[in-house]
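One structure below.
In the numbering used here, the protein residues as written are 107 to 171.
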């Protein structure tokens, strides 16, 4: 299993602020939820979880309009 399959990115004010990678999807999804709770109040915060192997965005916050 690729230990960098699931990539989570936090951006604020249109600048990358923090990122991490996980091999396990459920761990990455828990981190996503945690980051939204902890950092969602930052100006223009955006959290995105990507499956790097499949090349798709799994979820993002806030939701696209």
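Where a beta carbon is used, it is the ideal one built from N, C-alpha and C, also for glycine.
Inter-residue Cα distance where the pair is residue i and residue j
i           : j           : result
residue 152 : residue 109 : 23 Å
residue 120 : residue 150 : 7 Å
residue 127 : residue 137 : 10 Å
residue 146 : residue 111 : 24 Å
residue 113 : residue 169 : 18 Å
residue 131 : residue 165 : 12 Å
Best match in the options for proximity to residue i [C-alpha to C-alpha]
i           : options               : result
residue 156 : 125, 119, 118 and 121 : 125
residue 129 : 158, 118 and 148      : 158
residue 117 : 142, 160, 162 and 164 : 142
Beta-bridge pairing of residue i - partner residues as DSSP gives them
i           : result
residue 115 : 125 and 154
### Query
Unbroken alpha helix (DSSP H) runs of length 4 or more, entirely within the stretch 130–154: which are they?
131–145
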